[in-house]
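Trainee: First the structure, which I've put down as structure tokens, then a few questions once you've had a look.
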Amino acid sequence: MIPRRTRLRRTLVVATAVAAVTTGAWMAHDGSMSAGPSAPAPGGSAAHPSPGAGAGDAPAPPLPRAVPLRLTVPTLRLSAPLVPVGLDTARHLQPPPLDRPREAGWYAAGPTPGSAGTALVVGHVDDRTGPAVFFLLAKLRPGDPIDVTRADGRTAHFTVDAVALYPKKHFPSRQVYGTRPGPPQLRLLTCGGRYSARTGYVANTVVYAHLTLTGRATRATSEQSPHGSLPRRH
């Protein structure tokens with residue numbers, strides 16, 4: 003339940019994206035970062051999980067690049083359209099506009115979900131009217147499935163490795179954004195932690211997942227509600 007109050011505009015900003023761009027990590031065509039150590043995240047629910055190794059399923063070989071169309075998370079009864087997003091003028095990774103809170107955005111300058119490298123998908127946790135597309139993201143657990151339907155008719159099936167909560171002041175950019183090049187991985191990102199009307203959310207929720215299976219898109223996947231089962235605002 004979202005408190006009944008007027009909130010300031012909350013644009014999800016993936017912490018330290020500015021630093022990432024400054025160091026050239028986002029300048030690569032696939033948008034992914036080279037791996038490197040970083041300090042543990044105080045207060046995180048999972049500090050520095052091992053991408054692609056946490057859920058027990060062997061990684062699947064990468065798919066060719068193709069535009070992603072829909073994100074489906076059966077555990078959350080969530081199915082949302084995917085739209086391309088990029089960086090703003092301050093070089094921050096941006097989610098879809100606030101007036102489209104049920105959409106998730108994939109970083110179009112990076113790998114597409116299922117292709118080699120780390121694909122990034124961002125979305126709002128809530129807006130002025132109530133829960134948004136990634137309101138329940140933190141409830142995911144290792145082993146949960148995530149499916150991405152693609153324009154080439156294939157579905158990329160991912161398995162969650164870990165879910166982490168990182169304070170924005172200690173956001174581990176290299177850990178989150180993955181390796182270049184590397185195996186097919188997926189990151190889902192949204193705001194999280196405590197909310198302040200003055201500063202917004204103090205943390206980011208990050209879901210780590212790796213590709214475990216590929217196949218043709220099915221009717222069951224493509225016909226799920228685009229709104230999932232988000233709680234109604236009371």
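When you line the sequence shown up against the working numbering, it's residues 3 to 236, in that order.
Glycine included, each C-beta is placed from N, C-alpha and C at the ideal position.
1) Could you tell me which whole beta strand (DSSP E) segments of length 3 or greater appear in the stretch 66-120?
2) Quick one: is P63 buried, meaning 16 or more other Cβ sit within 10 Å of its Cβ, or exposed?
3) Quick one: using the 10 Å Cβ neighbour count with 16 as the cut-off for buried, is A158 buried or exposed?
4) How many angstroms separate the CA atom of T214 from the CA atom of A205?
5) For A134, decide whether its Cβ has a neighbour in chain C, counting only Cβ atoms nearer than 9 angstroms.
6) DSSP state of R218, grouped into three classes?
7) Alpha carbon to alpha carbon, how far is G180 from V69? Give it in angstroms, no decimals.
8) Are the beta-carbon atoms belonging to V209 and V135 less than 9 angstroms from one another?
9) Just list the residues that DSSP pairs Q187 with in beta bridges.
10) In or out: G155 buried (at least 16 other Cβ within 10 Å) or exposed?
11) Counting only runs of 3+ residues fully inside the stretch 123-158, write out the beta strand (DSSP E) ranges in chain order.
12) Would the stretch 82-101 count as touching the stretch 166-175 if we require 3 or more Cβ pairs under 8 angstroms?
13) For the structure I just gave you, are there three or more beta carbon pairs, one from the stretch 146-155 and one from the stretch 68-84, closer than 8 angstroms?
14) Here's the rule: buried if 16 or more other CB atoms are within 10 angstroms of the residue's CB, otherwise exposed. What is P115?
15) Of all the options L122, L80, A60, L65, which has the alpha carbon lying nearest to the alpha carbon of P86?
16) Check each candidate in R67, P61, A211 and name the one with the smallest Cα separation from G145.
17) Determine the DSSP secondary structure at R176, reduced to helix, strand or coil.
18) Identify, in the order they occur along the chain, each residue of the same chain with its Cβ nearer than 8 angstroms to the Cβ of A19, setting aside the five sequence neighbours on each side.
19) Using the beta-carbon count (16 or more within 10 Å), is R218 buried or exposed?
20) Let me make sure I understand the geometry here. Which of E105, T120, G107 has the alpha-carbon closest to that of L65?
21) Grab me the residues of F160's own chain with a C-beta within less than 6 angstroms of its C-beta, minus the 5 sequence neighbours each way, in chain order.
22) Looking only at C-alpha atoms, which of G202, Y197, W108 sits nearest to L191?
23) When burial is assigned at 16 or more other CB atoms within 10 Å of the CB, is S198 buried or exposed?
24) How big is the Cα-Cα spacing for P42 and L80?
25) Quick check: the Cα distance between V124 and A106, rounded to an integer number of angstroms?
Mentor: On the basis of the supplied data:
1) 70-75, 80-87, 106-109
2) exposed
3) buried
4) 29 angstroms
5) Although the question refers to chain C, the structure presented lacks it and comprises just one protein chain.
6) strand
7) 20 angstroms
8) no
9) T120, H212
10) exposed
11) 147-152
12) no
13) yes
14) buried
15) L122
16) A211
17) helix
18) At A19 the pLDDT is 41, less than 50, meaning the model places this residue with poor confidence and gives no usable figure here.
19) exposed
20) T120
21) I148, L188, A211, L213
22) W108
23) exposed
24) Because the pLDDT at P42 is just 25, under 50, the model does not fix this residue reliably, and the value given afterwards should be weighed accordingly. Near 31 angstroms, if we compare the C-alpha coordinates of L80 and P42.
25) 6 angstroms
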